[in-house]
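Notes to accompany the following structure.
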Amino acid sequence: MSGMLGMVNYWAVIVLMMVGFYTLIARGNLVKKLIGLNIFQTAVIMMYVSFGKITGATAPILIQSGDHGGGGAEHVVYSNPIPHVLMLTAIVVGVATLSVGLSLVVRINEAYGTVDEDEINRKDNGL
Amino acid sequence: MDDRVILRVGAKILIPFILIFALYVQFHGDYGPGGGFQAGVIFAAAFVLYALIYGLGNVVRVLPPKAAYVCGALGVSIFVGVGFVTMALGGGFLDYGVLAHDPAHGQHYGILGVELGVLITVFGVMVALFYAFAGRRRIEP
Amino acid sequence: MSENLPALLIVVPLILAPVAALVGRRDLSWAVAAAACWWAFGAALALLRRVQAEGVIRYELGGWAPPIGIEYRVDLASAFVALIVATIGAVTVVYARTSIAQEITEDRAPLFYAAYILCLTGLMGIAITGDVFNVFVFLEISSLSAYALIALGHDRRALTAAYQYLIMGSVGATFIVIGIGLMYVMTGTLNMVDLAERLPAVADNRTIPVAFAFLTVGVTLKLALFPLHLWLPNAYTYAPSAVTAFMASTATKVSVYLLLRFFFTVFGFDFAWVGMELHRVLMPLSVVAILAMSLVAIYQTNVKRLLAFSSVAQIGYMMLGISFGSVLGVTAGILHLFNHALMKGALFMAMGCVMYRVGSVSTDRMAGLGKAMPWTMAAFVLAGLSLIGVPLTVGFVSKWYLVQAALEQGQWAVAGVVMVGSLMALVYIWKVVEVAYFGEPDPDHELREAPLGLLVPTWILVIASFWFGIDATTTAEVATAAAETLLRGLP
């Protein structure tokens, strides 16, 4: 784990996060903003999942000593399952956020006839 | 829709397997990767697929929106209900060890109940979400 | 069952929320919601009593010990905040019965009450949990239901306000998750107590300041500290009256509590104040918040919007007290948290009464209301006095502590800012009073006093804001003890 290459997972996360964040800030379309938000959240999920990885470790399923001819079970290294479990929750939260957001956009579209931020502002100020 | 025979037949073949696979993921969750969240989504995917191929009207006849809401609420109640049972038996909230004479069996029963609750909730919510978006008529301004 | 009280406080409302959604009739779902809120109120009160008598309560969920399992950890500060939330929730649910009957259609009312209970559950959960990831989960439970609640407002701008809140709130919550993740990767634990023990050993690593920065930005976004407050005015203005009253007195307060929890319990005073010199950021921002937002409030013509900007200014007072980093300052912050919940709740409820009868809270529609709705406007004036900080009101008590805390550190200019802020509050409250009492009523509209279902909860909060202003010893003692516990850090 040295230099920039050893941190490749963090670079991936940072790039993904910034892509999402930029979309969130720069786009005027409300649906695109939500997509940006979702990419942003996905970057965090990837960050957590990469935390749990231990080099040379196997999936965190308990291997009973009888399963593989016995004896070897004590030497098994498991990946850390806790970040994965946390992200299961975060994914559910992300789905909930996205669906609340989309349902708001659907209703905004019904009320204003547009999903563009500038146009909505124009209609509000023109009232 | 009548001309898309491959889709219709394909879906009919696939849907039972999707449902079985959901149950496999559900019950395999005790021993390996899997569990209520994933199983609930897969179970709901079968209904969504049915709706996409055969239309919303047909799937609503099988599973009315009200039933989906009830599922969403029922699952939460099962989850919390398990917690109440463990508290009534003298343990803490969701302390499965008290559910059976042998704590290891208790853990087993407890996680089964909780995962069942999760399955039902996630399934209900996913289908309800699909209904909410798919069933909304476009209102022109 | 009594040892399960921390879990029951959360779980009983949680199981009642789907029940409220399913019963399908407005009155029945209201009854369920009321049961949930009053249960929460009783449980939170009992919890506070027990913490006062026995000290910190630790509760392991599922019987799993803390590093693996989730732990609820109730100390004085968390029990106090949970009680504030539950009290406001219990009063507002009474108010909601009449107010929601007018504002929300029959078929949506059960969903409203379900979201209301969930929001309450989430906020109380944040207060009593001792696990940082669990904080995020409860934060999202409360926030998601809050977005839905705000979107139920009459005006179509409620939708855009809710959308904006959703975007900014989710970004804030995601920042909090990033901070939590970085702390976890350095320490291997999510439990607040364990984090507090292990963080000092790795505090030199650059990851921890980064985690601290993410958490600070995320939480200040949620609590609407000055430059990150943009979601708040619209959300409060266009939400249904009962929702505004509830959110204004609880949501931001719980976020302030979360900030205290992270800064003092998890990172500790030495890291946050001595190491990161947090006061250099918080104090100027609070001062700007007080002055700028009060000034903006003066120019508003929509009274709900006026009060929303005033809320941002009042959050500035809380953060100002906390930024001193002294026992007196944090006491002032916690006291103002409680006091502001009472008075802002009362003010927004009074505006809800006006909304109920007049259909608008714009100042030009409020002329002559002092005669037409004497009780409503009297409640507004009395709660407004509290906002200004007149002696015998709760507002005076917290400002008294705040000025003392400023003088203790020789910050004369900051004490002056508190005074100027109070004068500005006088200006914007007077603006409403002038219209209501000295304006000529519109002869075409025959207005009556608001119904008792709205007036009684409003007056409960008004009377409470005087009660705790005249006899401030109870709240001041709890707040001081809570501040001392927070500043001492963990044993």
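Residue numbers (my numbering), protein chains in the order written: chain A, 78 to 204; chain U, 11 to 151; chain Y, 5 to 495. Heads up, the beta-carbon is just placed ideally off N, CA and C, and yes, glycines get one too.
{"Asked": "Could you check how far apart the C-beta atoms of residue 57 of chain U and residue 69 of chain U are, in whole angstroms? I think they sit under 8 Å.", "Found": "6 Å"}
{"Asked": "Cα-Cα, which of Y:193, Y:62, Y:80 and Y:226 is closest to residue 128 of chain A?", "Found": "Y:193"}
{"Asked": "I'd like the span of the alpha helix (DSSP H) that includes residue 196 of chain A, first residue to last.", "Found": "194 to 202"}
{"Asked": "Starting from residue 77 of chain Y, follow its DSSP beta bridges and name the residues at the other end.", "Found": "Y:62"}
{"Asked": "Quick one: which chain A residues come within Cβ less than 8 Å of residue 144 of chain Y?", "Found": "170, 173 and 174"}
{"Asked": "How would you list, in chain order, the residues of chain A whose beta-carbon sits under 9 Å from the beta-carbon of residue 57 of chain U?", "Found": "None at all; the shortest Cβ gap to chain A is about 16 Å."}
{"Asked": "Can you list the residues of chain U that residue 183 of chain A reaches, using a CB-CB cut of under 8 Å?", "Found": "143 and 146"}
{"Asked": "Let me make sure I understand the geometry here. Which of Y:368, Y:87, Y:467 and Y:490 has the alpha-carbon closest to that of residue 442 of chain Y?", "Found": "Y:368"}
{"Asked": "Just by C-beta distance, which residues in the region 131 to 143 of chain Y are closer than 9 Å to chain A?", "Found": "137, 140 and 141"}
{"Asked": "With distance defined between alpha-carbon atoms, name the residue in Y:244, Y:17 and Y:318 nearest to residue 421 of chain Y.", "Found": "Y:318"}
{"Asked": "Spell out a yes or no on whether the region 91 to 101 of chain Y and the region 143 to 163 of chain Y are touching, meaning 3 or more CB-CB pairs, one atom from each, closer than 8 Å.", "Found": "no"}
{"Asked": "What residues from chain Y crowd round residue 155 of chain A, counting only those whose CB sits closer than 8 Å?", "Found": "Here the premise fails: no neighbours, minimum Cβ distance about 14 Å."}
{"Asked": "Decide if residue 135 of chain Y is buried, meaning its Cβ has at least 16 other Cβ atoms within 10 Å, or exposed.", "Found": "buried"}
{"Asked": "Taking Cβ-Cβ distances shorter than 9 Å, what residues in chain Y pair up with residue 178 of chain A?", "Found": "151, 167, 170, 171 and 174"}
{"Asked": "Nearest chain Y C-beta to residue 128 of chain U closer than 7 Å, yes or no?", "Found": "no"}
{"Asked": "Mind listing the chain Y neighbours of residue 103 of chain A? Cutoff is C-beta to C-beta under 9 Å, in chain order.", "Found": "In chain order: nothing, as chain Y lies at least about 13 Å away."}
{"Asked": "Taking C-beta pairs closer than 8 Å, name the residues in chain A that residue 514 of chain Y reaches, listed in chain order.", "Found": "Because chain Y is modelled from 5 through 495, residue 514 of chain Y falls outside the range shown and cannot be assessed."}
{"Asked": "What residues in the region 63 to 85 of chain Y have a beta carbon less than 8 Å from any beta carbon of chain U?", "Found": "63, 64, 65, 66 and 67"}
{"Asked": "Could you have a look at residue 139 of chain U and say whether DSSP puts it in helix, strand or coil?", "Found": "helix"}
{"Asked": "By alpha-carbon positions, which one of Y:268, Y:350 and Y:204 ends up nearest to residue 254 of chain Y?", "Found": "Y:350"}
{"Asked": "Between residue 107 of chain U and residue 101 of chain U, which are expected to be in contact by the criterion C-beta below 8 Å, what is the C-beta distance as a whole number of angstroms?", "Found": "6 Å"}
{"Asked": "For the ligand NAD, I want to know if residue 418 of chain Y counts as a neighbour, meaning its beta carbon is within less than 6 Å of at least one of the ligand's heavy atoms.", "Found": "Only the bare structure without any ligand can be found here, which leaves the ligand NAD out of the picture."}
{"Asked": "Check whether the Cβ of residue 134 of chain U lies closer than 7 Å to any Cβ atom in chain Y.", "Found": "no"}
{"Asked": "Counting only beta-carbon separations shorter than 7 Å, does residue 195 of chain Y have a partner in chain U?", "Found": "no"}
{"Asked": "Can you pull the chain Y residues whose beta carbon is under 9 Å from the beta carbon of residue 86 of chain U, in chain order?", "Found": "18, 19, 21 and 22"}
{"Asked": "List the endpoints of the continuous alpha helix (DSSP H) containing residue 321 of chain Y.", "Found": "307 to 327"}
{"Asked": "Using a C-beta to C-beta distance shorter than 8 Å, which residues of chain Y count as neighbours of residue 137 of chain U?", "Found": "Those within 8 Å of residue 137 of chain U in chain Y number zero; the least Cβ separation is about 16 Å."}
{"Asked": "Compute the distance between the beta-carbons of residue 499 of chain Y and residue 294 of chain Y, then report whether it is under 7 Å.", "Found": "This structure cannot speak to residue 499 of chain Y, because chain Y is shown only from 5 to 495."}
{"Asked": "Tell me the DSSP secondary structure of residue 274 of chain Y in three-state form.", "Found": "helix"}
{"Asked": "By DSSP, does residue 90 of chain A sit in helix, in strand, or in coil?", "Found": "helix"}
{"Asked": "What's the call for residue 223 of chain Y, buried or exposed, on a 16-neighbour Cβ count within 10 Å?", "Found": "buried"}
{"Asked": "Does the beta carbon of residue 131 of chain A come closer than 7 Å to any beta carbon on chain U?", "Found": "no"}
{"Asked": "Closer than 7 Å, CB to CB, is residue 26 of chain Y near chain U or not?", "Found": "yes"}
{"Asked": "Along chain U, in chain order, which residues have C-beta atoms closer than 8 Å to that of residue 27 of chain A?", "Found": "In the structure as shown, chain A begins at 78 and stops at 204. Residue 27 of chain A is therefore absent and cannot be evaluated."}
{"Asked": "With residue 178 of chain A as the anchor, note down where its alpha helix (DSSP H) starts and where it stops.", "Found": "158 to 189"}
{"Asked": "Give me, in chain order, the residues of the same chain whose beta-carbon lies closer than 7 Å to that of residue 312 of chain Y; leave out the 5 immediate sequence neighbours on both sides.", "Found": "236, 237, 240 and 241"}
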